[in-house]
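Peer 1:
Residue numbers (my numbering), protein chains in the order written: chain S, 1152 to 1367; chain W, -8 to 188; chain E, 3 to 212.
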């Protein structure tokens, strides 16, 4: 009886796969661990940049993660209100701040979209909005991250007098007035989705207002 | 706002957000196999089965194993291994209990492991944060959408090539891509009707 | 076992004669979707070439120890390991691009070309030629994608690498940004190449299946 060569035996196959899997998993883990800090840093810097911008604080151009973090630590206070994080600027206990910022998010057309909304100190107007996470098509839906789109929100009065909404997004046309803002041309679905979830999440203002009243 | 219902998602995945026509996924076997409508349908049926099941399986593994253990970076390996193992399992079961079905479906099964659409459906489900029911609906819908697209292109291509009017160099892959492009245009026209998110 | 072809032959085959995209229309799935912006295409190509070269090299190294019926599993495992490493690397060093590419980096794993080359070449050739073959086939593939991205970004945005080239009076062709634009551009490219090959008589029947 001839003995099978060792690589023909079934035990060898199982052992080989097991060894290779261990090797691959080990390699991935090593790479992941070596980059973990850096990835965390990127994530933190992105959030801090967005918050600072939404609060209207200037970030020096070419600032690295350290500078941004320092600025954030110095200027921004975070409050936890009903499971949401509210960032406030210019005051240590966050009660009489120069402005507030909080995250809004919801489904876009291709995936979740997140934005950071900045409001003024008496929560009557939006000061800025920064869209920072999305999976929309470049050149179409992704244009919500372009400056012009966010800038039209600046100064928007926070009342729901027109049809129960804070604002609407409609196709660009001459002579439009405040609660009607320009939608992104060619990205109707993204615009609709943004209108829906930002309006919905702005209702959080009521909670924030109540909280500030009792705390102040 | 209520999250999108699984039923809506099911139809959105078939028609308006067809994984092949709007996300380009699953094109490889598509171009070579759509030549023959019969084998196109066979492969499509296998894809529907595998995609519906693996999306659910991967959803369970991701939510209950990878997330609690903070091993999200392993998701690619885990997903592809799950798919490969599932395909192997289906192949064995079909071979053992349904020899007739194996005759028609069997040769397509190994091809499925490397079908981008199946893997892609699992990845999109993670990114869009679907619930289990939504993931199941999305997986099944995408599979059916893929089947629909490949049979349609297969049939159109068959007619066009038999007509013999194609210029030199356009036969084969060229015309398949153009047909797919036109179908994709049709798909985009409907994309506003039901959202996928 | 067939004899290993000389390096120049491998390079020529990968870049032109056997160009996976133009000759066999394989592996379009994961990559075509990101060809509407040059920057994204470039990073994606980098990932593809890296994964392909390294996977071919590793599969070839392991070729004598791999049991035959396990080779698909081994190849999948090797490829996905390299893809994950690339994914982590761009997450750490190019976070913006990583977000824009989204799931498409992961989809390199199921790109038929990578496995196709492992199966067709690396499995039966020594590591160094396999590495070269991976580089050449990946390079040939990247060139084509790059050409498509140039057409799509120029027509869809009027810019290249984000720099506006065409005057403001140019109306961008939105269709080029969306899926059909990619299908049509690739179709025309394949058409031109095939028509030329047919004239000069160098066309080879495509027999490779991945």
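Beta carbons: idealized from backbone N, C-alpha and C, even for Gly.
Which residues, taken in chain order from the stretch 1273 to 1295 of chain S, show a beta carbon closer than 7 Å to some beta carbon of chain E?
Peer 2: Residues passing the 7 Å Cβ filter: 1286, 1288, 1289, 1290, 1291.
Peer 1: May I ask which residues mark the beginning and end of the alpha helix (DSSP H) holding residue 180 of chain E?
Peer 2: No alpha helix (DSSP H) holds residue 180 of chain E; DSSP gives it neither H nor E.
Peer 1: Could you tell me whether any Cβ in chain W is nearer than 8 Å to the Cβ of residue 197 of chain E?
Peer 2: yes
Peer 1: With the cut-off set at 8 Å, would you say residue 1192 of chain S and residue 1208 of chain S are in Cβ contact?
Peer 2: Going by C-beta atoms, residue 1192 of chain S is not nearer than 8 Å to residue 1208 of chain S.
Peer 1: Please report whether the beta-carbon of residue 1197 of chain S lies at a distance below 8 Å from any beta-carbon of chain E.
Peer 2: yes
Peer 1: Pairs of beta-carbons, one from the stretch 124 to 141 of chain W and one from the stretch 34 to 41 of chain W, closer than 8 Å: are there three or more?
Peer 2: yes
Peer 1: Taking 8 Å as the cut-off, decide whether the C-beta atoms of residue 99 of chain E and residue 41 of chain E are in contact.
Peer 2: yes
Peer 1: Considering just the uninterrupted stretch of the alpha helix (DSSP H) at residue 5 of chain W, what are its terminal residues?
Peer 2: No alpha helix (DSSP H) contains residue 5 of chain W, which DSSP labels as neither H nor E.
Peer 1: Suppose contacts are defined by Cβ-Cβ distances below 8 Å. Is residue 2 of chain E in contact with residue 160 of chain E by that definition?
Peer 2: No answer is possible for residue 2 of chain E: the residues shown for chain E start at 3 and end at 212.
Peer 1: Looking at the strands, I want to know which residues DSSP matches up with residue 104 of chain W.
Peer 2: Beta-bridge pairing links residue 104 of chain W to no other residue.
Peer 1: At 9 Å on the CB atoms, spell out the chain S contacts of residue 110 of chain W, in chain order.
Peer 2: Within chain S, no C-beta atom comes nearer than 9 Å to that of residue 110 of chain W; the closest sits roughly 17 Å away.
Peer 1: Counting along the chain, where does the alpha helix (DSSP H) carrying residue 1222 of chain S start and finish?
Peer 2: Per DSSP, residue 1222 of chain S is one residue of the alpha helix (DSSP H) stretching across 1216 to 1226.
Peer 1: Residue 1282 of chain S lies in the beta strand (DSSP E); which residues open and close that run?
Peer 2: 1277 to 1284
Peer 1: Pull out every residue of the stretch 28 to 62 of chain W whose Cβ sits closer than 8 Å to any Cβ of chain S, in chain order.
Peer 2: none
Peer 1: Leaving aside the five residues before and after residue 13 of chain E along the sequence, list all residues of the same chain whose C-beta is less than 6 Å from its C-beta, in chain order.
Peer 2: 138
Peer 1: Would the stretch 1246 to 1264 of chain S and the stretch 1340 to 1359 of chain S be scored as touching if the rule is three or more Cβ pairs under 8 Å?
Peer 2: yes
Peer 1: Counting Cβ pairs closer than 8 Å, one from the stretch 1163 to 1180 of chain S and one from the stretch 66 to 86 of chain E, do we hit at least three?
Peer 2: yes
Peer 1: Exposed or buried, residue 89 of chain W, counting other C-beta atoms within 10 Å across all chains shown (16 or more means buried)?
Peer 2: exposed
Peer 1: Check this for me: beta carbons of residue 132 of chain E and residue 37 of chain E, under 8 Å apart or not?
Peer 2: no
Peer 1: Where residue 64 of chain E and residue 1262 of chain S are concerned, what is the direct C-alpha to C-alpha distance, given to the nearest angstrom?
Peer 2: 40 Å
Peer 1: Using a Cβ cut-off of 8 Å, pull out every chain E residue sitting near residue 1206 of chain S, in sequence order please.
Peer 2: Chain E residues near residue 1206 of chain S: none, gap ~22 Å exceeds 8 Å.
Peer 1: Counting pairs of beta carbons, one from the stretch 106 to 119 of chain E and one from the stretch 1198 to 1212 of chain S, are three or more of them closer than 8 Å?
Peer 2: no
Peer 1: Leaving out the 5 sequence neighbours to the left and right, which residues in its chain are closer than 8 Å to residue 1353 of chain S when beta-carbon positions are compared?
Peer 2: 1255, 1268, 1309, 1317
Peer 1: Would you give the residue range spanned by the beta strand (DSSP E) that residue 1320 of chain S belongs to?
Peer 2: 1319 to 1321
Peer 1: Per DSSP, what kind of secondary structure is residue 110 of chain E in: helix, strand or coil?
Peer 2: helix
Peer 1: If you follow the alpha helix (DSSP H) that residue 135 of chain E is in, where does it begin and where does it stop?
Peer 2: Here the alpha helix (DSSP H) through residue 135 of chain E covers 129 to 159.
Peer 1: When burial is assigned at 16 or more other CB atoms within 10 Å of the CB, is residue 80 of chain W buried or exposed?
Peer 2: exposed
Peer 1: Please classify residue 1225 of chain S as buried or exposed, where buried requires at least 16 neighbouring CB atoms within 10 angstroms.
Peer 2: exposed
Peer 1: Indicate the three-state DSSP secondary structure (helix, strand or coil) for residue 1333 of chain S in the structure shown.
Peer 2: It is a strand residue.
Peer 1: Taking the DSSP output, what are the residues bridged to residue 87 of chain W?
Peer 2: In the DSSP output, where bridge partners are listed per residue, residue 87 of chain W has none listed.
Peer 1: Quick test of your reading: residue 168 of chain W and residue 182 of chain E, contact by CB under 8 Å. State the CB separation rounded to the nearest angstrom.
Peer 2: Going by Cβ atoms, the distance from residue 168 of chain W to residue 182 of chain E rounds to 10 Å, so no, they are not a contact pair.
Peer 1: So the alpha helix (DSSP H) residue 1371 of chain S belongs to, where does it begin and stop?
Peer 2: Summary: the structure shown does not reach residue 1371 of chain S, with chain S confined to residues 1152 through 1367, and so no result is reported for it.
Peer 1: Under 8 Å between the Cβ atoms of residue 1307 of chain S and residue 1276 of chain S?
Peer 2: yes
Peer 1: Please report how far the alpha carbon of residue 147 of chain E lies from the alpha carbon of residue 29 of chain W, in whole angstroms.
Peer 2: 32 Å
Peer 1: Return the residue from the list S:1286, S:1200, S:1366, S:1179 that minimises the CA-CA distance to residue 62 of chain W.
Peer 2: For the residues S:1286, S:1200, S:1366, S:1179, the minimum Cα distance to residue 62 of chain W belongs to S:1179.
Peer 1: Output, in chain order, the set of chain S residues within a Cβ distance shorter than 8 Å of residue 6 of chain E.
Peer 2: Under the 8 Å cutoff, chain S gives no residues; its nearest Cβ is about 22 Å from residue 6 of chain E.
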